[in-house]
Amino acid sequence: MVVESISGFQQVAAAIALAWYAVILTVAYNGFFEILKKFSHAPSYKPVSDPQEPVTIIRPIKGIDPELSTCLESGFCQAYPRDKIQYLFCVDDPHDESIPVIRQLIEQHPDIDAEILISGGFDENTGSSQEHYGPNPKVNNMAKGFLKAKHDILWLLDSNVWAPPDVLYNSVRALNENRNNGRLLVGDRNVKLVHHVPLALSINPSSVGGSDSEFHVSPVNSYSPGASGKASRGRFLKKYGAKLDEMFLLTSHSKFYVSLNNLAIAPCVNGKSNLYRRSDLDAAVAKIPSLTSYFFSSASVNYDSRQYSLAGPGNSLKLFARYIGEDNMIAICLWENLRSRTGMTGNFVVQPLSGSDNSVNDYITRRVRWLRVRKYMVLLATLIEPTTESIVCGLYGTFAFSTIFFKRCFIWKIFFLHMLIWMITDYKQYYTLVTNIAKSKYSPNWLKEDNIPSLSRPFFAWFYFWIIREVLALPIWIIAMCGHEIEWRGRPFKIKKDLTAAEL
């Protein structure tokens, strides 16, 4: 074995790298083993007969997403007392294409108190209504739902996700009993926000029998009918985006998302599916002027928090229309001002992604956008994010092991061993989650076992998308760090120093 000359600086750097490598692996495998333990089985379904606290479900909607009807219907199909559910659909445009879909669902479920809320004074030229409180259109749309809600517990659910039937019951229980993934929590922080692991599946709507074909998004041709080689390459690039999103959410994201929730160092919340009390958010916003917080320190935020608090219950949400990442800012507000924490239920929500018109560039654009948002909200976490990815983690981990234990700068065999173990871990986690999805009770056709493409995907096809996702991770992060503008819903924004967004 060749022994190289190792300087003192290299030894110190290797020691630091080894310590950080151990931290990242600990966090990663904390999430991995939690997923194996709590997310590996289909949730048990049983009718709920005992008295439950009433809940208002709020879903902001714009346009037609893949499998919109089945995603929205999942709110009607919760294993929860029907008379304890209010279901509000928030729409900005009175001519929105989703309205006929919603009306049909309401007619099919007359035993649920459901209603469509449409904003007033919608301007087709500007694409916004009179109910405008900031640059975030989702918050502007949801605000009327907060005011119309009859119940204190609110379940905020994106229109493009499907939720298993036991999510609501498990979430209310976690909120009221202070539980995380079924465990009773101890300590001075109580659960004030319950969230669920966001997953995605690449589907081909035209091949899923019994899907709501009349409501599909029309594919957009992103390649020209030129030479066959160029068209073929275009078709490949056109279809890869959804598969890469699926791979990211089912491997890297879910692993660290679950782990960070368990560690409870700081809030880490995705807004696809959140449940909390309106009164808690009102109380947290009312405390902003009297507390010192880096996140809510500007004069305008302090002034508006007072005004919205004086306006009455439910107006507190309007404060968050100034932020692009309203989900994380709401979580931070509840976490800091009420000294609370977040909890999970062992549930997931699934977003169907069109596998026919979702390109690699679409995937890159989405990742860059949200990395730039996170850069301003949680800078330190965003700066260290590359070190959580398999390749970068393997590079500094291999350097550390090679230097400390073998007196060499870099041993490729150690790196390949690291990548092999990481890949096996992701493969196991991926199919643990996908199999759980396929076993969900009362799932729509596109979630049936025979219709989930990834369940019949050969290993090397899975590995192909896995390695593309891993290789793209660092370049995407670099692109995100080098820019400041964010394109969202077709409009350019810039994040200001006080974390609010300004439309350009």
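Taken in order, the sequence shown gives residues -8 to 495; the numbers are from the numbering used here.
Just so you know, even glycine gets a beta-carbon here, dropped at the ideal spot from N, CA and C.
Distance, residue 277 Cα to residue 295 Cα = 10 Å
query = For the alpha helix (DSSP H) that residue 453 lies in, which residues bound it at each end?
reply = 450 to 473
key: As assigned by DSSP and simplified to three states, the class of residue 47   = strand
key: Cβ shell of residue 149 (< 6 Å), same chain only, five flanking positions each side left out   = 263
key: Distance, residue 12 Cα to residue 395 Cα   = 13 Å
task = Return the residue from the list 80, 130, 54 that minimises the CA-CA distance to residue 316.
result = 130
task = Count the other CB atoms, across all protein chains shown, that sit within 10 Å of the CB of residue 141; report buried if there are 16 or more and exposed otherwise.
result = exposed
inquiry  = Between which residues of its own chain and residue 138 is the CB-CB distance below 6 Å, once the five residues before and five after are set aside?
reply    = 305
request  = Identify every run of the beta strand (DSSP E) within the segment 80 to 118, keeping only runs that are complete inside it and at least 3 residues long; order them along the chain.
outcome  = 104 to 109
request  = Return the Cβ separation of residue 429 and residue 440 in integer angstroms, given the expectation that the two are a contact with Cβ distance under 8 Å.
outcome  = 4 Å
key: Per-residue DSSP class, three states only, for residue 482   = strand
message = Classify residue 85: buried if its beta carbon has 16 or more other beta carbons within 10 angstroms, exposed otherwise.
response = exposed
query = Using DSSP with H/G/I as helix, E/B as strand and the rest coil, what is residue 140?
reply = coil
CB-CB length for residue 49 against residue 89, believed under 8 Å = Actually they are not in contact, since the Cβ atoms of residue 49 and residue 89 sit about 15 Å apart, beyond 8 Å.
key: For residue 175, the residue or residues it bridges with in DSSP   = 170
request  = Pick helix, strand or coil for residue 122, following the three-state DSSP scheme.
outcome  = coil
key: Residues near residue 456 in its chain [Cβ-Cβ closer than 6 Å; skip 5 each side]   = 234, 238
request  = Can you say whether residue 81 is buried or exposed, counting buried as having 16 or more other CB atoms within 10 angstroms of its CB?
outcome  = buried
task = Please confirm if the segment 278 to 290 is in contact with the segment 163 to 175, defined as three or more CB-CB distances below 8 Å between the two stretches.
result = no
query = Is DSSP giving residue 66 helix, strand or coil here?
reply = helix
query = Is it a yes or a no for the segment 356 to 363 touching the segment 187 to 197, going by three-plus beta-carbon pairs under 8 Å?
reply = no
ask   = In chain order, what residues of the same chain have a beta carbon less than 6 Å from the beta carbon of residue 100, not counting five sequence neighbours either side?
value = 67
request  = Decide if residue 246 is buried, meaning its Cβ has at least 16 other Cβ atoms within 10 Å, or exposed.
outcome  = buried
DSSP three-state assignment for residue 341, whether helix, strand or coil = strand
key: Residues sharing a beta bridge with residue 232, DSSP   = None, per the DSSP bridge assignment.
message = Does residue 383 come out as helix, strand or coil in the three-state DSSP assignment?
response = helix
key: residue 334, enclosing alpha helix (DSSP H) - first and last residue   = Taken as a continuous stretch (DSSP letters only), residue 334 belongs to no alpha helix (DSSP H), being part of the beta strand (DSSP E) at 331 to 334.
Beta-carbon proximity of residue 382 to residue 465, cut-off 8 Å = yes
inquiry  = On a Cα-Cα basis, can you pick out the residue from 26, 134, 116 that is closest to residue 122?
reply    = 134
ask   = So, is residue 179 buried or exposed, given that buried needs 16 or more other C-beta atoms within 10 angstroms?
value = exposed
task = Take residue 269 and list the residues in its own chain whose beta-carbon comes closer than 7 Å to its own, dropping the five residues that flank it on each side.
result = 137, 140, 143, 145, 304, 305
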